[in-house]
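Participant: Chains as they are written, first to last, in the working numbering: chain W, 3 to 336; chain F, 13 to 424. Note that the Cβ used here is the ideal one computed from N, Cα and C, for glycine as well. Please read these numbers as outputs of a predicted model, since none were measured by experiment. Before I ask anything, let me first share the structure, which is written out below as structure tokens.
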Amino acid sequence: MTMIEALRDAMDVALERDPSVVVFGEDVGYFGGVFRCTAGLQEKYGEERVFDTPISESAIVGAAIGMAAHGMRPCVEVQFADYMYPAYDQITQEAARLRHRSNGQFTCPLVIRMPTGGGIYGGQTHSQSPEALFTHVAGLKTVVPSNPQDAKGLLIAAIEDPDPVIFLEPKRLYNGPFHGDHTGKSVSWASDARGDVREGYYKTPLGKARVTREGAAVTVLAYGTMVYVAEAAVQNSGIDAEVIDLRTLLPLDLETIVTSVEKTGRCVIVHEATKTSGFGAELIAEVQEACFYHLEAPIERVCGWDAPYPHAQEWDYFPGPDRIERALRKVLEV
Amino acid sequence: MTDRKVKLTYPHPPARPGEDPDFSGITIPEAGLLDVPPLDLDARGSRPYANGLIRVLDDDGNAVGPWAEYLGEDTETLMRRGLRDMLRMRAIDRRMMTAQRQGKTSFYMQCTGEEAVGCAFQRQMEPGDMNFPTYRQQTLLVAADYPLEMMFGQFYSNDLDPLNGRQLPVLHSARDFGFFTISGNLGTQYVQAVGWAMANALSGDRKIATAWIGDGATASNDFHGALLMASVYQPPVILNVVNNQWAISTYTGVATGKARTYAARMRGYGIPSLRVDGNDFLAVAAVARWARRRMREGFGPVGVEWFTYRVAAHSSSDDPSAYRPKDDGAAWPLGDPIERLKTHMIAKGLWSEERHAQAQAQILDEVTQVQKRVEAHGTLVNPPPTNPADIFKDVYAEMPDHLRRQRQEMGY
Ligand SMILES: Cc1ncc(C[n+]2csc(CCOP(=O)(O)OP(=O)(O)O)c2C)c(N)n1
Ligand SMILES: [Mg+2]
Numbered sequence: 003m004t005m006i007e008a009l010r011d012a013m014d015v016a017l018e019r020d021p022s023v024v025v026f027g028e029d030v031g032y033f034g035g036v037f038r039c040t041a042g043l044q045e046k047y048g049e050e051r052v053f054d055t056p057i058s059e060s061a062i063v064g065a066a067i068g069m070a071a072h073g074m075r076p077c078v079e080v081q082f083a084d085y086m087y088p089a090y091d092q093i094t095q096e097a098a099r100l101r102h103r104s105n106g107q108f109t110c111p112l113v114i115r116m117p118t119g120g121g122i123y124g125g126q127t128h129s130q131s132p133e134a135l136f137t138h139v140a141g142l143k144t145v146v147p148s149n150p151q152d153a154k155g156l157l158i159a160a161i162e163d164p165d166p167v168i169f170l171e172p173k174r175l176y177n178g179p180f181h182g183d184h185t186g187k188s189v190s191w192a193s194d195a196r197g198d199v200r201e202g203y204y205k206t207p208l209g210k211a212r213v214t215r216e217g218a219a220v221t222v223l224a225y226g227t228m229v230y231v232a233e234a235a236v237q238n239s240g241i242d243a244e245v246i247d248l249r250t251l252l253p254l255d256l257e258t259i260v261t262s263v264e265k266t267g268r269c270v271i272v273h274e275a276t277k278t279s280g281f282g283a284e285l286i287a288e289v290q291e292a293c294f295y296h297l298e299a300p301i302e303r304v305c306g307w308d309a310p311y312p313h314a315q316e317w318d319y320f321p322g323p324d325r326i327e328r329a330l331r332k333v334l335e336v
Numbered sequence: 013m014t015d016r017k018v019k020l021t022y023p024h025p026p027a028r029p030g031e032d033p034d035f036s037g038i039t040i041p042e043a044g045l046l047d048v049p050p051l052d053l054d055a056r057g058s059r060p061y062a063n064g065l066i067r068v069l070d071d072d073g074n075a076v077g078p079w080a081e082y083l084g085e086d087t088e089t090l091m092r093r094g095l096r097d098m099l100r101m102r103a104i105d106r107r108m109m110t111a112q113r114q115g116k117t118s119f120y121m122q123c124t125g126e127e128a129v130g131c132a133f134q135r136q137m138e139p140g141d142m143n144f145p146t147y148r149q150q151t152l153l154v155a156a157d158y159p160l161e162m163m164f165g166q167f168y169s170n171d172l173d174p175l176n177g178r179q180l181p182v183l184h185s186a187r188d189f190g191f192f193t194i195s196g197n198l199g200t201q202y203v204q205a206v207g208w209a210m211a212n213a214l215s216g217d218r219k220i221a222t223a224w225i226g227d228g229a230t231a232s233n234d235f236h237g238a239l240l241m242a243s244v245y246q247p248p249v250i251l252n253v254v255n256n257q258w259a260i261s262t263y264t265g266v267a268t269g270k271a272r273t274y275a276a277r278m279r280g281y282g283i284p285s286l287r288v289d290g291n292d293f294l295a296v297a298a299v300a301r302w303a304r305r306r307m308r309e310g311f312g313p314v315g316v317e318w319f320t321y322r323v324a325a326h327s328s329s330d331d332p333s334a335y336r337p338k339d340d341g342a343a344w345p346l347g348d349p350i351e352r353l354k355t356h357m358i359a360k361g362l363w364s365e366e367r368h369a370q371a372q373a374q375i376l377d378e379v380t381q382v383q384k385r386v387e388a389h390g391t392l393v394n395p396p397p398t399n400p401a402d403i404f405k406d407v408y409a410e411m412p413d414h415l416r417r418q419r420q421e422m423g424y
């Protein structure tokens with residue numbers, strides 16, 4: 003299954019099992035989404051469960067909050083993460099806080115799906131990675147799946163979660179893993195074990211990271227597309243690195259991270275988002291706090307440059323395997 | 013007990029794939045019915061214009077009614093230029109769609125069927141006026157005589173691109189040609205145009221701003237904020253809505269709801285508003301001329317809904333056969349803007365089928381020649397070397413230290 007099919011399957015399962023689940027967003031209904039993630043769902047469940055909305059992200063999320071507070075479980079789509087900003091008020095000031103400010107009278111079991119990240123020549127408004135803008139907000143959970151298996155299980159878990167979940171889908175991974183070499187042949191999920199998706203209902207718990215490659219020399223923390231780019235860098239370098247796919251940024255699986263860094267004593271953090279005040283900064287803080295006496299070298303970050311995502315210079319901007327390899331070597335030098 | 017009397021509605025287009033195109037729900041008043049209102053028209057007085065449809069060219073290609081008299085002295089030059097601009101726009105679209113399919117660029121967006129709107133409008137504006145466009149208004153650049161080398165350079169992100177490859181193809185910026193930098197985030201420009209026009213008024217520079225938005229994006233918060241700001245402060249801004257019936261796969265009814273027209277919605281904010289046949293070059297020219305004159309007199313903002321049809325796919329990434337009938341565009345009751353102007357010019361003895369075919373071929377050839385020259389500077393197929401350090405330029409006026417360090421880390 004592709005990640006697109008896996009996400010669709012997750013929504014299908016959720017719609018089937020729970021009549022309070024509704025799916026909506028721009029072009030989501032009849033057409034099935036510009037990335038086709040909801041294709042066929044309106045036909046199967048009808049317009050009351052799966053429908054098209056006006057182009058107002060704040061209205062989509064605001065209405066979803068109202069439904070969620072009433073007791074439904076909306077799973078809405080924002081067409082690109084770059085277009086969530088009009089909804090930012092509703093997400094951060096409302097969805098995130100209903101439970102707390104009403105002392106539990108009102109809650110917000112809501113999922114907001116959005117394609118994230120670059121690598122598709124989308125320029126500055128189809129490539130952003132805004133995860134840190136969500137992890138910074140108390141009351142939100144933030145998930146970034148890296149493969150079809152996880153995408154399905156995590157999305158079902160997110161829909162069943164009692165609190166609002168931001169579900170960031172790395173669009174560069176929709177149709178296959180991407181190892182960071184845009185000139186190489188594209189790979190499909192059919193040829194990757196992680197594209198093997200179980201039928202029916204299953205959940206992948208939020209807040210659990212996964213070690214995708216075991217190693218002893220250095221720990222690499224990554225999520226989304228960067229999991230594969232990091233794996234490629236590790237392979238190219240021949241370094242015995244341990245790669246951790248965080249899967250959920252908040253709540254964060256600190257235990258898995260700490261266990262690994264205590265073993266390796268070194269850590270490299272990779273994300274596509276801009277560096278300054280990025281999620282990597284949070285990871286560094288957590289790792290040094292928990293593992294200070296185990297660290298052999300300063301922690302390295304490989305991130306998007308602190309500039310708007312460019313169109314033509316995409317591959318100069320994208321943190322590719324070479325930059326990651328350099329960082330791996332640097333932390334091993336000390 | 014559940015109450016099924018209370019139900020939600022979900023707007024539907026009249027026809028879907030596999031069905032015949034159906035525009036029977038669209039009322040098209042006769043051409044020439046509406047007169048030209050005084051320049052100080054107010055919202056209340058604009059009711060017939062907001063709910064009606066200003067048309068000049070009738071079904072036989074005759075220019076009729078009071079708006080036909082509102083085109084200025086030299087209608088012949090106006091029409092010849094307009095036809096050339098529209099043919100040029102269509103040739104650019106044709107060449108670029110092919111180039112995109114050949115992998116020479118990442119992305120492209122056509123405006124097929126909507127050529128009259130921007131081409132006729134722009135020729136009524138004055139130097140120094142500023143358009144705040146969307147990606148569907150390359151016509152404004154064509155009719156501002158924007159050099160095609162720069163336009164194609166932008167499509168190919170090569171060294172002829174005035175934006176250094178930073179922006180997605182079609183998202184131009186051309187300050188000297190009255191074209192504000194296009195954002196990919198829908199709606200944002202609309203309220204910015206109002207602010208620009210407030211600055212026009214405050215500085216007394218006698219220029220104006222024009223705001224552009226698609227029917228779908230009228231749902232955005234910024235559209236509503238813009239209308240309110242314009243209604244409150246009365247700056248010289250023309251608030252355009254291009255209603256081409258679709259927002260990607262979403263039918264325009266999902267943006268109108270139970271409102272009658274987009275013009276009526278703008279009128280609801282207290283802004284006098286008109287609805288115009290956007291496929292009628294002469295109607296667009298006349299109304300744009302009227303609106304520009306109104307701005308000059310200081311009578312405040314005006315809203316205009318250009319009623320048209322998006323004949324092509326939304327973008328190079330879209331396939332409309334999945335959500336609307338095949339040949340829907342060909343069945344659009346208000347026809348094709350180029351054909352309609354051509355028919356009129358032939359009827360007036362100004363043009364002929366032969367000359368049209370000749371002009372079409374000549375313009376396509378001109379455009380193709382420019383395209384080839386620009387392609388020699390590099391495309392996605394034979395990418396020119398990028399200048400990676402450029403990423404760090406213009407983030408700020410002065411580069412802060414942390415960006416300097418990142419640039420060094422990059423190796424530059
Ligand atoms: C804030 C925001 N939300 C969503 C999108 C994605 N998007 C791009 S174009 C488009 C449809 C716009 O339709 P309309 O306003 O009618 O303009 P048209 O394409 O018909 O010219 C959508 C949903 C976006 N660019 N920005
Ligand atoms: Mg539209």
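Based on the DSSP output, what are the partners of residue 314 of chain F in its beta bridges?
Facilitator: Mapped onto the second sequence, residue 314 of chain F falls at position 302. Looking at the DSSP assignment, residue 314 of chain F forms a beta bridge with F:250.
Participant: When you compare only the Cα positions, how much space is there between residue 290 of chain F and residue 86 of chain W?
Facilitator: Taking the first residue of the second sequence as position 1, residue 290 of chain F is located at position 278. Taking the first residue of the first sequence as position 1, residue 86 of chain W is located at position 84. Spanning the two alpha carbons is a distance of roughly 32 Å.
Participant: Would a check of beta-carbon distances place residue 375 of chain F closer than 8 Å to chain W?
Facilitator: Reading the second sequence from its first residue, position 363 is the one you call residue 375 of chain F. By this cut-off, residue 375 of chain F is not an interface position.
Participant: Does any CB atom of chain W fall closer than 8 Å to the CB of residue 30 of chain F?
Facilitator: Translated into the one-based positions of the second sequence, residue 30 of chain F becomes position 18. For residue 30 of chain F, the answer is no, since every Cβ of chain W falls outside 8 Å of its Cβ.
Participant: Chain F partners of residue 176 of chain W, CB-CB under 9 Å?
Facilitator: Within the first sequence, the letter at position 174 stands for residue 176 of chain W. Going along chain F, no residue has its Cβ under 9 Å from residue 176 of chain W, so there is no contact; the nearest lies around 13 Å.
Participant: Would you give the residue range spanned by the beta strand (DSSP E) that residue 143 of chain F belongs to?
Facilitator: Reading the second sequence from its first residue, position 131 is the one you call residue 143 of chain F. Looking at the DSSP string, the run of the beta strand (DSSP E) that includes residue 143 of chain F is 142-144.
Participant: If you run the structure through DSSP and keep just helix, strand and coil, what is residue 35 of chain W?
Facilitator: As a first step, residue 35 of chain W must be located in the first sequence, where it is residue number 33. Residue state, collapsed to three classes: coil.
Participant: From the DSSP output, which residues share a beta bridge with residue 66 of chain F?
Facilitator: The count along the second sequence starts at 1 and reaches residue 66 of chain F at position 54. F:288, per the DSSP bridge assignment.
Participant: Following the continuous beta strand (DSSP E) through residue 409 of chain F, name the residue where it begins and the one where it ends.
Facilitator: Translated into positions along the second sequence, residue 409 of chain F becomes position 397. Segment: none, residue 409 of chain F is in no beta strand (DSSP E) and carries neither H nor E.
Participant: Any C-beta of chain F sitting closer than 8 Å to the C-beta of residue 284 of chain W?
Facilitator: As a position in the first sequence, residue 284 of chain W is number 282, starting the count at 1. For residue 284 of chain W, the answer is no, since every Cβ of chain F falls outside 8 Å of its Cβ.
Participant: Since residue 350 of chain W meets chain F, which of its residues come closer than 9 Å, beta carbon to beta carbon?
Facilitator: This structure leaves residue 350 of chain W out entirely; chain W is present only between 3 and 336.
Participant: Against chain F, which members of the segment 25-45 of chain W pass a CB distance test of less than 7 Å?
Facilitator: Of all residues in the segment 25-45 of chain W, 28, 29, 32, 33 and 36 have a Cβ within less than 7 Å of some Cβ in chain F.
Participant: Of all the CB atoms in chain F, is at least one closer than 8 Å to the CB of residue 104 of chain W?
Facilitator: The count along the first sequence starts at 1 and reaches residue 104 of chain W at position 102. No, because no Cβ of chain F sits closer than 8 Å to the Cβ of residue 104 of chain W.
Participant: Cutting at 7 Å between CB atoms, please list the residues of its own chain near residue 396 of chain F, excluding the five before and the five after it.
Facilitator: By 1-based counting over the second sequence, the position of residue 396 of chain F is 384. Closer than 7 Å at the Cβ level, and outside the excluded window around residue 396 of chain F, lie 170, 171, 389 and 390.
Participant: Quick one, which of W:296, W:253 and W:163 has its alpha-carbon nearest residue 138 of chain W's?
Facilitator: As a first step, residue 138 of chain W must be located in the first sequence, where it is residue number 136. Residue W:253 is the option with its Cα nearest to residue 138 of chain W.
Participant: Looking at chain F, is there any beta carbon in it that lies within less than 8 Å of the beta carbon of residue 278 of chain W?
Facilitator: Counted from its first residue, the first sequence places residue 278 of chain W at position 276. Cβ-Cβ to chain F under 8 Å: yes for residue 278 of chain W.
Participant: Residue 295 of chain W: which of W:273, W:284, W:302 and W:266 sits nearest, CA to CA?
Facilitator: Residue numbering aside, residue 295 of chain W sits at position 293 when the first sequence is read from its first letter. With distances taken between Cα atoms, residue 295 of chain W lies closest to W:266.
Participant: What are the start and end residues of each continuous beta strand (DSSP E) run of 3 or more residues lying completely inside the segment 107-166 of chain F, in chain order?
Facilitator: If we require 3 residues or more, the beta strand (DSSP E) runs fully inside the segment 107-166 of chain F come out as 142-144.
Participant: To the nearest angstrom, how far is the alpha carbon of residue 96 of chain F from that of residue 274 of chain F?
Facilitator: If you number the second sequence from 1, residue 96 of chain F lands on position 84. If you number the second sequence from 1, residue 274 of chain F lands on position 262. Distance between the alpha carbons of residue 96 of chain F and residue 274 of chain F is about 30 Å.
Participant: Residue 198 of chain F and residue 232 of chain F - do their beta-carbons sit closer together than 8 Å?
Facilitator: One-based indexing of the second sequence puts residue 232 of chain F at position 220. One-based indexing of the second sequence puts residue 198 of chain F at position 186. Yes.
Participant: Hey, could you find the ends of the beta strand (DSSP E) residue 250 of chain W is sitting in?
Facilitator: As a working mapping, residue 250 of chain W is identified with position 248 in the first sequence. Unbroken beta strand (DSSP E) run through residue 250 of chain W: 250-252.
Participant: Could you tell me whether the segment 404-416 of chain F touches the segment 313-333 of chain W, where touching means 3 or more Cβ pairs closer than 8 Å?
Facilitator: They do not touch, by the three-pair rule.
Participant: Mind reading off the beta-carbon distance from residue 32 of chain W to residue 54 of chain W? Whole number of angstroms is fine, and I expect it under 8 Å.
Facilitator: Along the first sequence, read from residue 1 onward, the residue named residue 32 of chain W stands at position 30. Along the first sequence, read from residue 1 onward, the residue named residue 54 of chain W stands at position 52. With a Cβ gap of about 6 Å, residue 32 of chain W and residue 54 of chain W count as contacting.
Participant: What residue range does the alpha helix (DSSP H) around residue 293 of chain W cover?
Facilitator: The sequence position of residue 293 of chain W within the first sequence is 291, counting from 1. Residue 293 of chain W -> alpha helix (DSSP H) spans 281-293.
Participant: To be precise: take each residue of the segment 301-314 of chain W, compare its Cβ to all Cβ atoms of chain F, and keep it if any distance is under 8 Å. Which residues remain?
Facilitator: Residues 307, 308, 309, 310, 312, 313 and 314.
Participant: Compare the C-alpha of residue 307 of chain W against each of F:422, F:306, F:271 and F:217 and name the closest.
Facilitator: As a working note, residue 307 of chain W is residue 305 in the first sequence. With distances taken between Cα atoms, residue 307 of chain W lies closest to F:422.
Participant: Got a sec: does ligand 2 put a non-hydrogen atom nearer than 7 Å to the Cβ of residue 336 of chain F?
Facilitator: Here residue 336 of chain F refers to the residue found at position 324 of the second sequence. It does not: the Cβ of residue 336 of chain F is nowhere closer than 7 Å to a heavy atom of ligand 2.
Participant: Use the C-beta contact count for residue 212 of chain F: other C-beta atoms within 10 angstroms, 16 or more gives buried, fewer gives exposed.
Facilitator: Indexing the second sequence from 1 puts residue 212 of chain F at position 200. That one is buried.
Participant: Heavy atom of ligand 2 less than 7 Å from the Cβ of residue 277 of chain F, yes or no?
Facilitator: The residue given as residue 277 of chain F occupies position 265 in the second sequence. Not so, every heavy atom of ligand 2 lies at least 7 Å from the Cβ.
Participant: Go through the segment 30-60 of chain F residue by residue and report every complete run of the alpha helix (DSSP H) that reaches 4 residues or more, in order.
Facilitator: None, since the segment 30-60 of chain F contains no complete alpha helix (DSSP H) of that length.
Participant: For the segment 395-406 of chain F, which residues have a beta carbon sitting closer than 7 Å to at least one beta carbon of chain W?
Facilitator: Per Cβ criterion, the list reads 398, 400, 402, 403 and 404.
Participant: For residue 96 of chain W and residue 164 of chain F, what's the separation of their Cα atoms in angstroms?
Facilitator: In the first sequence, residue 96 of chain W corresponds to position 94, counting from 1. In the second sequence, residue 164 of chain F corresponds to position 152, counting from 1. Roughly 45 Å separates the two Cα atoms.
Participant: Quick one: is residue 57 of chain W near chain F, going by C-beta distance under 8 Å?
Facilitator: Numbered from its first residue, the first sequence carries residue 57 of chain W at position 55. At least one chain F Cβ lies under 8 Å of residue 57 of chain W.
Participant: Please confirm whether residue 324 of chain W has its beta-carbon closer than 8 Å to some beta-carbon of chain F.
Facilitator: Numbered from 1 along the first sequence, position 322 holds the residue referred to as residue 324 of chain W. For residue 324 of chain W, the answer is no, since every Cβ of chain F falls outside 8 Å of its Cβ.
Participant: Is any heavy atom in ligand 1 found nearer than 7 Å to the beta carbon of residue 318 of chain F?
Facilitator: The residue you call residue 318 of chain F lines up with position 306 of the second sequence. No, ligand 1 has no heavy atom inside 7 Å of this Cβ.
Participant: Identify the contact partners of residue 60 of chain W in chain F, using a Cβ-Cβ distance below 7 Å as the criterion.
Facilitator: Start at 1 with the first residue of the first sequence, and residue 60 of chain W comes out as number 58. Within 7 Å Cβ-Cβ: 233.
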